[in-house]
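**Student:** Below you will find the structure I want to go over with you.
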RNA sequence: GCGGCCGUAGCUCAGCCUGGUUAGAGCACCCGGUUGUGGUCCGGGAUGUCGCCGGUUCAAAUCCGGUCGGUCGCCCCA
């Protein structure tokens, strides 16, 4: 029933990110951005919505994401637009549109953006979710594959998580490569159709590769002896994969070969990888990525090979649990005033500290001193700066170390230096 | 989109099976003990459309139906 309260609730599958958790959320995003920029990736922002056709062509018209999960709408000009379900298509579109690929290659970009998919929500799976990711476009050199993977792996580890890196190559669409393998796999599945779990039989026609993902015991038993793609790659793709692995070995990046790893979006070629963590339940992927050498042409642009990854911030935080990266308030000093007489001065003092680059906060509600001290403790500040009438008259401040409980009266003019000295 | 479980204070939950006085606890919050001092202790206080709509009943947080939301699994994926 229509109720005013209903509109006072975040839409299904969306979340408010509130303090104190929001500090940690922000810290994680910053760590990602710093890590990516330190490796030469420049920030990029693209529109939250794009032409629907961009995703249909890029992500794939038959993919689950495009057929069932897109938030599409028509604007007043009759254009069909879609809230982006993933980040790569828009970034590649922007690069081609603005001819970034006519300059120095590779074009290396990173993004941190909201994505939208209309799925049944669950822990770690929301309709609006935040991803951080990087894209390196303009070369199919195996060394850039290794660079991208290492950057993602290092980011996740420096955040405090312990992901398992799954690695595979899914070749390219040609008959002597993935298309050929696909036929081999279909033949195998047909030969064993009777042994497959009933609900998996239909995948032979729809998406044979996904049969590897089945949770059905009967199917798992059959698939144990199924042909794997890495045995059917063409010479160039096989060599590329060997080079990627050699680079990763040289970097000391630990990976697990997973010939059954298939990714959900149609544009992937060759290198495919996923960072998984068992504690996430059925949403076990913290993120993943791969090479997309055909994407630029699929969306109508010049040929432009590329590789990238996207990591889900919510899932990383879930995997971190309470460990790992920390974030918190940045108030160094909490000003404690003593009634009307000093309240106005307290704001002046707080502002003076802020202008000097020192985090400062104060009470605005005329609490008693006890209440203000409580606020001081809660604020996370290292110091309480007590400004009573005595201090005001003497031109001094009582500076209390909230950790040790020690306090001393100092000239008001020395406050900044005393705080900085810690 | 499909199936299971759940929905009581800001949070974690008890009460529901066996309808019946002002719906409770812990934590958090506010005030006081200490009109110049937090984190401990003691005392006091505020806070609920019992998710929502409807049905059964003299009476519903409690039983029934629907609905919304969450959660777990499926599908898929970050």
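In the numbering used here, the protein residues as written are 28 to 449.
C-beta: ideal position from N, C-alpha, C; glycine also.
Going by DSSP, what residue range makes up the alpha helix (DSSP H) through residue 183?
**Tutor:** The residue labelled residue 183 in the question sits at position 156 within the first chain. Per DSSP, residue 183 belongs to the alpha helix (DSSP H) from 169-185.
**Student:** Between the alpha carbons of residue 358 and residue 246, how many angstroms are there, rounded?
**Tutor:** Residue 358 sits at position 331 when you count from the first residue of the first chain. Residue 246 sits at position 219 when you count from the first residue of the first chain. If I take the Cα positions, the gap works out to 57 Å.
**Student:** Should residue 30 go down as buried or exposed, given a rule of 16 or more other Cβ atoms within 10 Å for buried?
**Tutor:** Position 3 of the first chain holds residue 30. Residue placement at residue 30 is flagged as unreliable, the pLDDT there being 44, under the threshold of 50; a coordinate-derived value is accordingly withheld.
**Student:** Given 8 Å as the limit, is there contact between the region 248-262 and the region 195-211, that is, 3 or more CB pairs closer than that?
**Tutor:** They touch, by the three-pair rule.
**Student:** Alpha carbons only, please: which of 350, 361, 155 and 329 is nearest the one belonging to residue 40?
**Tutor:** Position 13 of the first chain, counted from the first residue, corresponds to residue 40. Taking only the C-alpha atoms, the option nearest residue 40 is 155.
**Student:** Could you give the residue range of the beta strand (DSSP E) that holds residue 195?
**Tutor:** Position 168 of the first chain, counted from the first residue, corresponds to residue 195. Segment 191-196, the beta strand (DSSP E) holding residue 195.
**Student:** Tell me whether residue 349 is buried or exposed, calling it buried when 16 or more other Cβ atoms sit within 10 Å of its Cβ.
**Tutor:** Position 322 of the first chain holds residue 349. Exposed.
**Student:** Please classify residue 393: does DSSP put it in a helix, a strand, or coil?
**Tutor:** Within the first chain, residue 393 is the residue found at index 366, counting from 1. Coil at residue 393, not helix or strand.
**Student:** According to DSSP, simplified to helix, strand and coil, what is residue 78?
**Tutor:** Along the first chain, read from residue 1 onward, the residue named residue 78 stands at position 51. Three-state result, residue 78: strand.
**Student:** Mind checking residue 73: buried by the 16 CB within 10 Å criterion, or exposed?
**Tutor:** Taking the first residue of the first chain as 1, we reach residue 73 at position 46. Buried is the call here.
**Student:** In or out: residue 36 buried (at least 16 other Cβ within 10 Å) or exposed?
**Tutor:** One-based indexing of the first chain puts residue 36 at position 9. Exposed, since its Cβ has fewer than 16 Cβ neighbours within 10 Å.
**Student:** Nearest to residue 158 by alpha carbon, out of 113, 413 and 136?
**Tutor:** Counting from 1 along the first chain, the entry for residue 158 is found at position 131. Comparing Cα-Cα distances from residue 158 to each of 113, 413 and 136, the minimum goes to 113.
**Student:** Less than 7 Å between the beta carbons of residue 414 and residue 369, yes or no?
**Tutor:** Translated into positions along the first chain, residue 414 becomes position 387. Translated into positions along the first chain, residue 369 becomes position 342. Yes, the pair counts as a contact, with Cβ atoms nearer than the cut-off.
**Student:** Comparing C-alpha positions only, which one of 429, 412 and 447 sits nearest to residue 423?
**Tutor:** The count along the first chain starts at 1 and reaches residue 423 at position 396. When only C-alpha atoms are compared, the closest one is 412.
**Student:** Three Cβ pairs or more, each shorter than 8 Å: is that satisfied between the region 174-186 and the region 50-68?
**Tutor:** They touch, by the three-pair rule.
**Student:** Could you tell me which residues DSSP pairs with residue 135 in its beta bridges?
**Tutor:** Translated into the one-based positions of the first chain, residue 135 becomes position 108. Residue 135 is bridged to 163.
**Student:** By the DSSP assignment, the beta strand (DSSP E) with residue 71 in it spans what residues?
**Tutor:** The residue given as residue 71 occupies position 44 in the first chain. That residue, residue 71, is in no beta strand (DSSP E); it is neither H nor E in DSSP.
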